[in-house]
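Just below is one structure, and these are the notes that go with it.
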Amino acid sequence: MKSKKGIIFILGLIVIAIIVFFFIKNNYKNINIGNNITNKSIEQIEEYILNISSYKARIEVEVVSNKNENKYVLMQKYASPNISKQEVIEPSNIKGIETIYNGSSLTINNSNLGLSSIYENYQYMVDNCLWIRKFYKRLQKL
4 MKSKKGIIFI
14 LGLIVIAIIV
24 FFFIKNNYKN
34 INIGNNITNK
44 SIEQIEEYIL
54 NISSYKARIE
64 VEVVSNKNEN
74 KYVLMQKYAS
84 PNISKQEVIE
94 PSNIKGIETI
104 YNGSSLTINN
114 SNLGLSSIYE
124 NYQYMVDNCL
134 WIRKFYKRLQ
144 KL
């Protein structure tokens, strides 16, 4: 009876030793789960940014003029190659205004008033500093 308990105890220690050896050898503490872009080099981050094919961002913009300050909350979406959409979330008086750019024409929709304007051959969207595309184009030139 004592010898069976001793054998089971020794086998248990061997199994535990093998498991510990396996974890030490594979070094599991270096595995990063989730968004680990901060662990990458500058070149890897540049490559990641240059290869973005789509994104969605919630943007808070504060416009300061001589007379007042205005705060806006925007939802911005981009899909490759040239589909860009921006919607005003706040303030409530202009909520729902959408700006959609498809590479050549710009459409502005006001869902509250049921109005829509289309501007053909609109080339100035990339000059808008609120878009990540502006940053992307500048980075490509470097």
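FYI, my numbering numbers position 27 of the sequence shown as 30, with every residue one higher than the one before it. Even for Gly, the Cβ is constructed at its ideal location relative to N, Cα and C. Please read these numbers as outputs of a predicted model, since none were measured by experiment.
Host beta strand (DSSP E) of Ile92 (start-end): As a first step, residue 92 must be located in the sequence shown, where it is residue number 89. Residues Ile86 to Glu93.
Own chain partners of Lys88 with C-beta closer than 6 angstroms, once the 5 adjacent residues on each side are dropped: Within the sequence shown, numbered from 1, the residue matching residue 88 stands at position 85. A distance below 6 angstroms between beta-carbons, with the five flanking residues on each side excluded, links Lys88 to the following residues of its chain, in chain order: Lys80 and Ile103.
CA nearest to the CA of Ile86, picked from Ile19, Leu109, Ile17 and Pro94: By 1-based counting over the sequence shown, the position of residue 86 is 83. Residue Leu109 is the option with its Cα nearest to Ile86.
Cβ separation of Glu63 and Lys74, assumed to be a contact under 8 angstroms, to the nearest whole Å: The count along the sequence shown starts at 1 and reaches residue 63 at position 60. The count along the sequence shown starts at 1 and reaches residue 74 at position 71. With a beta-carbon spacing of about 7 angstroms, Glu63 and Lys74 fall inside the 8 angstroms limit used to define contacts.
Ile92 beta carbon less than 9 angstroms from that of Glu101: For the purposes of this step, residue 101 is taken as the residue at position 98 of the sequence shown. For the purposes of this step, residue 92 is taken as the residue at position 89 of the sequence shown. Result no, Cβ atoms of Glu101 and Ile92 do not sit closer than 9 angstroms.
Three-state secondary structure (DSSP) of Glu123: One-based indexing of the sequence shown puts residue 123 at position 120. Note: Glu123 maps to coil in three-state DSSP.
Those residues which DSSP pairs with Phe58 across a bridge: The residue you call residue 58 lines up with position 55 of the sequence shown. Sequence check: residue 58 is Tyr here, not Phe. According to DSSP, which records beta bridges pairwise, Tyr58 is partnered with Tyr81.
Three-state secondary structure assigned by DSSP to Lys98: Within the sequence shown, residue 98 is the residue found at index 95, counting from 1. Here DSSP, grouped into helix, strand and coil, assigns Lys98 to coil.
Delimiting residues of the alpha helix (DSSP H) encompassing Leu53: In the sequence shown, the residue the question calls residue 53 occupies position 50. For Leu53, the uninterrupted alpha helix (DSSP H) run begins and ends at Ile45 to Leu53, by DSSP.
Three-state class that DSSP yields for Lys70 in the structure shown: Taking the first residue of the sequence shown as 1, we reach residue 70 at position 67. Lys70 falls in the coil class under three-state DSSP.
Supposed close pair Ser83, Ser120 - CB separation, criterion 8 angstroms: Numbered from 1 along the sequence shown, position 80 holds the residue referred to as residue 83. Numbered from 1 along the sequence shown, position 117 holds the residue referred to as residue 120. The distance from the Cβ of Ser83 to that of Ser120 is about 25 angstroms, inconsistent with a contact at the 8 angstroms cut-off.
Through-space distance from Gly106 to Asn96, alpha-carbon basis: Working through the sequence shown from its first residue, we reach residue 96 at position 93. Working through the sequence shown from its first residue, we reach residue 106 at position 103. In a straight line, the C-alpha of Asn96 is about 29 angstroms away from that of Gly106.
Run of the beta strand (DSSP E) containing Asn113, from where it starts to where it stops: Looking up residue 113 in the sequence shown gives position 110. Per DSSP, Asn113 belongs to the beta strand (DSSP E) from Leu109 to Asn113.
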